[in-house]
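A.B. asks: Chains as they are written, first to last, in our numbering: chain Y, 19 to 706; chain F, 1114 to 1279; chain L, 149 to 248; chain G, 147 to 588. Virtual Cβ for every residue (Gly too), placed ideally from N, Cα, C. One structure, as structure tokens, below. Some questions next.
Here's what the structure looks like:
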């Protein structure tokens, strides 16, 4: 069958960034910066074009078979084996790519936002060392992320999964001369390992149970094995996969690496730790929805953890003073929202929020980066203020993004967040109330950020004050575009209640394997429309309240903030120190690991080295003594005897061949005499 | 008459200075005596009406090669070497062999004594230089070129030898 | 011109002296100079014979010999200099690095 | 003059006579060249120079000679007495010997060898030993260094200078000095017009050969006290000095003979006779010159402070008058005599002009560093002279084969040679004596 061009060539999309990445990391040192920029941004741009083409050609297909896959070559050939279910399965994995509405949306987000952030980076990193290194890693990341979302089986997905983890490690530790950066990179890496372990186990269990890891075969396998909902094995799979998701997407309990990850350059934070990579977990959960739908317990675990993470992270975001840290915690909290959505079965809503979040959170980070750029590296909000006039573009985009994330009505955030909230409300009241509370806190800390940064009188240090400057075009244009997206991005699915037709949701529908029960409910349509309207109004009210509170505390009566902090001193400290979770982990895991290492080390030195190696060495020495004796007296002795004999019998030759030039001349003369003598003899004989 | 006188003068000068050259303990004196011997040889050439060779001998040998010798001598001149033994261990054997060689050559002379005489009195052409030039560049052109290549090689070799770090 | 025997005898004498010098002197420079002496003896021989036959071939050969002498002197002295730089000696029987 | 002097006398007496005259006059000339040098130097440095001994220091050389003669003669300790004695004599003797083949005029020449030029070169190359052995014999580091330097320098520049001469020889087609000059007479132009590059090469080479500034490394007073002459004093030193100036005159004579037309008068082919006579107009110039000199001296006579000096000045004026008279009388004598006397005049005039050039260089150029000297010799002059010889040969062939005018072809080839010279000069810039720079890594 001949698929349309772009659908047949989706495998090219990850290829372009890979090529440039290879070029950069092999020969980038010799290239000039402009060349690097053109190559890397260009490759991402080409990928973006291919993604758009693929997207529209996918749209052109009829709804029911909007899926195209491309099989490049076999990776692991088919291995027949008996599944846990007892059926005869064939394990195989190939380098195959699959595009369906879900991955189409993902590649659009990845390449689109990635392209903007690449452009932004050309301005942001212009004066940094290791320009080629940065873009090499960034393109490598693009490649891995695209592999992750385009892979048609769990193994290829896992390759991308590890790839993005590696790139995240490399880019967090980009300023490897700063110890904190290096440590943060290591932390992210290790924490992700925990999650990846779970993910890997999940993959094993999947293949062991269902005999396949191909997405388009899992559903049929599930049907064939007619597993009932709540099957413990499915539950195990779902939980294990979710462990991986928590690692990658920074959910409780594995969220600790994300705040430290802010050590990396700001574009990296925007692209990897806000827009794309951290959402991989959400994508994975949505991709494996058929599993989760069969494990209600897991669903509820996902929902609860998502909700708790949302609230918990928001609470920490309230007290942070580092502008990027605030955004980091808000990212965690928004991811919590997404998982909440997935947990309540509204995968489409989760993906929708993923997209809008990619827009406005990316925008927030880029704007924050522009602020930091303007303040020549200052990140502490207490040393900012009054920047609204000085850097207007940054200010306006930041404001739009804040409105969007807070969920003010027409903005993108409103659409996705309220969709999630309404879906949650249908499911469970308490989860909804947590989400609701979080929305308020989000509004509060976001506008706390805005007010502390842009309003009030300036608290900027002097020498920084002098060269506050608006960022270059290459950084502003992405800001503007993302601002437009975070305004209009939500309109893709205008809620029905407000007379819209949530097209985006319906576009994603076919990916979700909805069980009969849910499908029936969907047929009945969402709950009472009026209720949904009230929910919206309620959340709007709360959001406005949060904004007002922020204004009251940080603009109207500024001393109030300190007063409050002092009033709730204990609580404040607790939250400010992130609930001492890092310390807890240190006490529980890190130090224990160290103790284990020490114990093993002492075992190594004493038992293995002491007994085994040194004993062997002693033995070897002893034997070598013997062989030395043999060598010197028997072997060498014979050799020396031979040489002595030769020496004795060679003395006549030696007498002649003594490298003294005069003796040679003497020999010459002797030869001359001999010749003359022979000549005389000749003459004599001729005479007679 | 005058010829004979000049010849014997030059010959005695050459032989005497040659002997001195071989026996002197001081290298510089040896070099000077060698120069004298060479000049005497040049005189011999002049007697043989080889003006060009006479001049060449002086310019090349005395003015070039020997200057090189003196130069090197002054570079490597060691006062200690004056105190050392000047003759090698094999000197007696060597002298004996040289005497044997001399006896043989004299024998050769004795054998051929009848055939050597004033020789056919050739009319020597006045323009010696032109004649040499003609012979050199027409009949002996190839050897001439080969000699020039030899000189080039020698020059390269000398430069390489003279480098501080070989 | 005088009988050629005189010239031959002169060149023979110089030749012998040169041979003795080469064979007996320890100083390499003196050895080289003795070699020059030998070459000169040969030159005398050649020139004498060229006069004898009334042709210039002998003189041409003498020129070639002088050329070779120049080359030999250049290279030889270069070697001596290099050697002296490394060994601080110019005595022939101390140049025994080729000895067994 | 062949008709009035028997051939035996011509063959044996005249050469001896000439030799004696040369040996007698040369030291005097050298002394007065020194005086000229000091005067010129004083003039270029806006001083007066020697003024005390004789009017305008005219008797200074004689006084110097006397002083040197009566000075104590020191022989340093551990010096090689024989060599120490022989070296100066050698250098002077060789310099004098060289004059045997120099034609001061059509007849005034000791011996016209048919390898004259080579003979002169050979003998003057022997002068090296005077310096080298003297420097070695005086058993002093300064002297030895000076000797080594001068040996290296002379060997290096002899080649270039000789090749520079060869380019003129190719046009002359002979080695005998006399026939070289006659060749120039036949061609009608001096060879400097044919091979200016060759003349330049020989100029530089001759300056270096005579150890004159800016190539006076062997006696660089700022580095080696006086080079090879450090240990010498008194009469031996005077001999060295004499040798040096005699050498200057030798190279000047060679240059005059090969490039400047020897004894030929300027515009020698330009004939215009006094009406009714065979005397050419331009032949009056010498006597006129001497006449003007006499007049000048006479004008100076009354200004002399002391009586004796006035007398000396007057004597000088008289001498000039006599010389002018001689020149004038030569016009009336037989052509041979006229050519001889005027030839000597012109020859000496050119020689002095050349030597004046030497002095000029000495007072205007700073001294070279030794590695610069070597680089100039080996990397610029010798390649250039080789190219010049080849170019000249090509020019000769072209003018003979295609009938192109010799001067034209010669000048074309000289222009090409100049191009090569420019290229060589540009290429010779990079420092040869420095350490190689450390190649900076990535």
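Considering only DSSP beta bridges, list what residue 92 of chain Y is partnered with.
C.D. replies: Numbered from its first residue, the first chain carries residue 92 of chain Y at position 74. Paired residue(s): Y:112.
A.B. asks: Is residue 225 of chain G helix, strand or coil when you go by DSSP?
C.D. replies: As a first step, residue 225 of chain G is located in the fourth chain; it is residue number 79 there, counting from the start. Coil at residue 225 of chain G, not helix or strand.
A.B. asks: For residue 600 of chain Y, collect the residues of the same chain with a Cβ closer than 8 Å to its Cβ; drop the 5 residues on either side in sequence, then sort them by chain order.
C.D. replies: Walking along the first chain from the start, residue 600 of chain Y turns up at place 582. Same-chain partners within the cutoff: 274.
A.B. asks: Which chain Y residues sit within Cβ distance under 9 Å of residue 127 of chain L?
C.D. replies: Not covered by the structure: residue 127 of chain L. The range shown for chain L is 149 to 248.
A.B. asks: Are the beta-carbon atoms of residue 309 of chain Y and residue 168 of chain Y separated by less than 8 Å?
C.D. replies: Taking the first chain and counting its residues from 1, one reaches residue 309 of chain Y at position 291. Taking the first chain and counting its residues from 1, one reaches residue 168 of chain Y at position 150. No.
A.B. asks: Suppose you measure from the CA of residue 173 of chain Y to the CA of residue 434 of chain Y; what does that come to, to the nearest Å?
C.D. replies: If you number the first chain from 1, residue 173 of chain Y lands on position 155. If you number the first chain from 1, residue 434 of chain Y lands on position 416. Distance between the alpha carbons of residue 173 of chain Y and residue 434 of chain Y: 31 Å.
A.B. asks: I want to verify the contact list: residues of chain F whose CB lies under 8 Å from the CB of residue 681 of chain Y, in sequence order.
C.D. replies: Looking up residue 681 of chain Y in the first chain gives position 663. What residue 681 of chain Y touches in chain F: 1203.
A.B. asks: Which residue marks the beginning of the alpha helix (DSSP H) containing residue 364 of chain G, and which one marks its end?
C.D. replies: For the purposes of this step, residue 364 of chain G is taken as residue 218 along the fourth chain, with counting starting at 1. Neither: residue 364 of chain G is in no alpha helix (DSSP H) and is coded neither H nor E.
A.B. asks: Should residue 249 of chain G and residue 403 of chain G be called a contact, given that it needs their Cβ atoms to be closer than 8 Å?
C.D. replies: Along the fourth chain, read from residue 1 onward, the residue named residue 249 of chain G stands at position 103. Along the fourth chain, read from residue 1 onward, the residue named residue 403 of chain G stands at position 257. Yes, the pair counts as a contact, with Cβ atoms nearer than the cut-off.
A.B. asks: Quick check: the Cα distance between residue 457 of chain G and residue 485 of chain G, rounded to an integer number of angstroms?
C.D. replies: The residue given as residue 457 of chain G occupies position 311 in the fourth chain. The residue given as residue 485 of chain G occupies position 339 in the fourth chain. Their backbone Cα atoms lie some 34 Å apart in a straight line.
A.B. asks: Unbroken alpha helix (DSSP H) runs of length 4 or more, entirely within the region 293-318 of chain Y: which are they?
C.D. replies: Runs of the alpha helix (DSSP H) inside the region 293-318 of chain Y: 298-305 and 307-311.
A.B. asks: Would residue 568 of chain G count as contacting chain F if we go by Cβ distances under 8 Å?
C.D. replies: The residue labelled residue 568 of chain G in the question sits at position 422 within the fourth chain. No, residue 568 of chain G lies away from the interface with chain F (no Cβ there is under 8 Å from its Cβ).
A.B. asks: So the alpha helix (DSSP H) residue 31 of chain Y belongs to, where does it begin and stop?
C.D. replies: Locating residue 31 of chain Y in the first chain gives position 13, counting from the first residue. Segment 30-45, the alpha helix (DSSP H) holding residue 31 of chain Y.
A.B. asks: Any Cβ of chain F within less than 8 Å of the Cβ of residue 190 of chain Y?
C.D. replies: Residue mapping note: residue 190 of chain Y aligns to position 172 of the first chain, counting from 1. No, because no Cβ of chain F sits closer than 8 Å to the Cβ of residue 190 of chain Y.
A.B. asks: Taking buried to mean at least 16 other C-beta atoms within 10 Å of its own C-beta, is residue 362 of chain G buried or exposed?
C.D. replies: Stepping through the fourth chain from its first residue, residue 362 of chain G is reached at position 216. Flag for residue 362 of chain G reads buried.
A.B. asks: Between the region 377-389 of chain G and the region 214-232 of chain G, can you find at least three pairs of beta-carbon atoms closer than 8 Å?
C.D. replies: A contact exists between the region 214-232 of chain G and the region 377-389 of chain G.
A.B. asks: Reducing DSSP to helix, strand and coil, say where residue 173 of chain L ends up.
C.D. replies: Residue mapping note: residue 173 of chain L aligns to position 25 of the third chain, counting from 1. If DSSP states are grouped into helix, strand and coil, residue 173 of chain L belongs with the strands.
A.B. asks: I'd like the list of long-range same chain contacts for residue 1151 of chain F, defined as Cβ closer than 6 Å, with 5 residues on each side in sequence excluded.
C.D. replies: Within the second chain, numbered from 1, the residue matching residue 1151 of chain F stands at position 38. Only 1174 and 1175 meet the Cβ criterion.
A.B. asks: Could I get the ranges of all uninterrupted alpha helix (DSSP H) runs contained in the region 143-202 of chain Y, with 4 residues as the minimum, in chain order?
C.D. replies: Runs found: 149-168 and 172-190.
A.B. asks: If you compare alpha carbons, which of Y:321, Y:464 and Y:437 is closest to residue 379 of chain Y?
C.D. replies: Counted from its first residue, the first chain places residue 379 of chain Y at position 361. It is Y:464 whose Cα lies nearest to the Cα of residue 379 of chain Y.
A.B. asks: Quick one: measure Cβ to Cβ for residue 1143 of chain F and residue 178 of chain L, integer angstroms, because I've assumed they're closer than 8 Å.
C.D. replies: Translated into the one-based positions of the second chain, residue 1143 of chain F becomes position 30. Translated into the one-based positions of the third chain, residue 178 of chain L becomes position 30. Indeed they touch by this definition, with Cβ atoms about 6 Å apart.
A.B. asks: I want to check one thing, is the minimum distance from the CB of residue 220 of chain Y to the heavy atoms of the ligand NAP below 7 Å?
C.D. replies: Although the ligand NAP was asked about, the structure shown includes no ligands whatsoever.
A.B. asks: Under 8 Å between the Cβ atoms of residue 324 of chain Y and residue 266 of chain Y?
C.D. replies: As a position in the first chain, residue 324 of chain Y is number 306, starting the count at 1. As a position in the first chain, residue 266 of chain Y is number 248, starting the count at 1. No, these two residues do not count as a Cβ contact at 8 Å.
A.B. asks: Under 7 Å between beta-carbons, which chain L residues line up against residue 1218 of chain F? List them in chain order, please.
C.D. replies: Stepping through the second chain from its first residue, residue 1218 of chain F is reached at position 105. Here the neighbours are 160.
A.B. asks: Are the Cβ atoms of residue 195 of chain L and residue 1166 of chain F separated by less than 8 Å?
C.D. replies: In the third chain, residue 195 of chain L corresponds to position 47, counting from 1. In the second chain, residue 1166 of chain F corresponds to position 53, counting from 1. Going by C-beta atoms, residue 195 of chain L is nearer than 8 Å to residue 1166 of chain F.
A.B. asks: Look at the alpha carbon of residue 165 of chain G and the alpha carbon of residue 158 of chain G, and state the distance between them as a whole number of angstroms.
C.D. replies: For this step, residue 165 of chain G is matched to residue 19 along the fourth chain. For this step, residue 158 of chain G is matched to residue 12 along the fourth chain. Going by the C-alpha atoms only, they are around 11 Å apart.
A.B. asks: Relative to the C-alpha of residue 1164 of chain F, which candidate in G:358, G:461 and G:321 has its C-alpha closest?
C.D. replies: As a working mapping, residue 1164 of chain F is identified with position 51 in the second chain. The shortest Cα separation from residue 1164 of chain F among G:358, G:461 and G:321 belongs to G:321.
A.B. asks: At a CB-CB cut-off below 7 Å, which residues of chain Y make contact with residue 170 of chain L?
C.D. replies: In the third chain, counting from the first residue as 1, residue 170 of chain L sits at position 22. Near residue 170 of chain L (Cβ distances below 7 Å), the residues of chain Y are 683.
A.B. asks: Could you confirm whether any beta carbon from chain L is found closer than 8 Å to the beta carbon of residue 1189 of chain F?
C.D. replies: Your numbering for residue 1189 of chain F matches position 76 in the second chain. So, interface residue.
A.B. asks: Let me know the secondary structure DSSP gives residue 487 of chain Y once reduced to three states.
C.D. replies: Counting from 1 along the first chain, the entry for residue 487 of chain Y is found at position 469. Note: residue 487 of chain Y maps to coil in three-state DSSP.
A.B. asks: Residue 1207 of chain F versus chain Y: which residues are under 9 Å apart at the beta carbon?
C.D. replies: As a first step, residue 1207 of chain F must be located in the second chain, where it is residue number 94. Going along chain Y in sequence order, the residues near residue 1207 of chain F (Cβ under 9 Å) are 680, 683, 684 and 687.
A.B. asks: Buried or exposed for residue 287 of chain G, going by 16 or more other Cβ atoms inside 10 Å?
C.D. replies: For the purposes of this step, residue 287 of chain G is taken as residue 141 along the fourth chain, with counting starting at 1. Exposed.
A.B. asks: Cα separation between residue 188 of chain L and residue 313 of chain G?
C.D. replies: Position 40 of the third chain, counted from the first residue, corresponds to residue 188 of chain L. Position 167 of the fourth chain, counted from the first residue, corresponds to residue 313 of chain G. Taking the straight line from one Cα to the other gives about 31 Å.
A.B. asks: Using a Cβ-Cβ cutoff of less than 8 Å, which residues in the same chain neighbour residue 721 of chain Y once the five nearest sequence positions on both sides are dropped?
C.D. replies: The requested residue 721 of chain Y is not part of the displayed model; chain Y covers only 19 to 706.
A.B. asks: Between the region 346-363 of chain G and the region 537-549 of chain G, are three or more C-beta pairs nearer than 8 Å?
C.D. replies: No: the two stretches stay apart, fewer than three of their Cβ pairs being nearer than 8 Å.
A.B. asks: Cutting at 6 Å between CB atoms, please list the residues of its own chain near residue 554 of chain Y, excluding the five before and the five after it.
C.D. replies: As a first step, residue 554 of chain Y is located in the first chain; it is residue number 536 there, counting from the start. Once the five neighbours on either side are set aside, the close Cβ partners of residue 554 of chain Y are 436.
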